[in-house]
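Asks:
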Amino acid sequence: MPNSKLLKKISINLSIKQFSQPDLIEQIEQILHSTGLDGSSLMLEITESVIVENSYEVTTIFSRLRELGIELSIDDFGTGYSSLGRLYNFPINVLKIDQSFVSPMDTSSINLEIIKIIVALAHTLGVNVITEGIETKEQLALLRELNCEYGQGYFFSIPLDSSAAAALIMANPQW
Numbered sequence: 001m002p003n004s005k006l007l008k009k010i011s012i013n014l015s016i017k018q019f020s021q022p023d024l025i026e027q028i029e030q031i032l033h034s035t036g037l038d039g040s041s042l043m044l045e046i047t048e049s050v051i052v053e054n055s056y057e058v059t060t061i062f063s064r065l066r067e068l069g070i071e072l073s074i075d076d077f078g079t080g081y082s083s084l085g086r087l088y089n090f091p092i093n094v095l096k097i098d099q100s101f102v103s104p105m106d107t108s109s110i111n112l113e114i115i116k117i118i119v120a121l122a123h124t125l126g127v128n129v130i131t132e133g134i135e136t137k138e139q140l141a142l143l144r145e146l147n148c149e150y151g152q153g154y155f156f157s158i159p160l161d162s163s164a165a166a167a168l169i170m171a172n173p174q175w
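Quick note: the sequence shown, position 81, residue 81 per UniProt numbering, numbers continuous.
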């Protein structure tokens, strides 16, 4: 990595296959040890569908990962069949609202109302919110009004390799 001091947190998406590995915790512990990274610099993301299909196992694994200081995120929230009321069962730090709610969002849309509800519930549970799929200044403004802490999407940047990402961070853009 061009400048490891830039690294505050790295997010890694885990597939259901990866998440289901019996030695997942041990693999992560080994990686943290061999890289010298603290668990707090890692965020693991799993999709909502993984949680729905394996809720007991997920709770157990999430609890062990949290003991390592790792942050946990539910990705693509709103696309699966989980109940908003079940969120408190999972020791998560971040809820990522799926981009399918953002793309058609405007000041009067039902999607805006859904996002409001999800953000309010997440904040009540002490969970931060990342909204995916932000492509316009107007979407960003609406999401800021809803107190979404973080956003991602092409409005900010296309996907970048590590050198280009470091250059973007060093440029210190203000959104």
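Ideal Cβ placement from N, Cα and C applies to all residues, glycine included.
Taking 8 Å as the threshold (C-beta atoms), are I92 and I118 in contact?
Replies: no
Asks: For E71, is the classification buried or exposed, using 16 other Cβ atoms within 10 angstroms of its Cβ as the cut-off for buried?
Replies: Buried, because 16 or more other Cβ atoms sit within 10 Å of the Cβ of E71.
Asks: When burial is assigned at 16 or more other CB atoms within 10 Å of the CB, is F77 buried or exposed?
Replies: Burial call: buried.
Asks: Taking the continuous beta strand (DSSP E) assigned at V129, which residues delimit it?
Replies: Segment N128 to T131, the beta strand (DSSP E) holding V129.
Asks: Out of S34, H33, P22 and G39, state which residue places its alpha-carbon closest to the alpha-carbon of I12.
Replies: G39
Asks: Per DSSP, what kind of secondary structure is K137 in: helix, strand or coil?
Replies: helix
Asks: If we ignore side chains and look at the alpha-carbon of each, how far apart do E48 and N172 end up?
Replies: Cα to Cα, the separation comes out at about 32 Å.
Asks: Answer yes or no: do V102 and G69 have a C-beta to C-beta separation smaller than 8 Å?
Replies: no
Asks: Which term fits I74, buried or exposed, when burial requires 16 or more other beta carbons within 10 angstroms of its beta carbon?
Replies: buried
Asks: Could you give the DSSP three-state label for D38: helix, strand or coil?
Replies: Residue state, collapsed to three classes: coil.
Asks: Does E48 come out as helix, strand or coil in the three-state DSSP assignment?
Replies: E48 carries a helical assignment under DSSP once its states are collapsed to helix, strand and coil.
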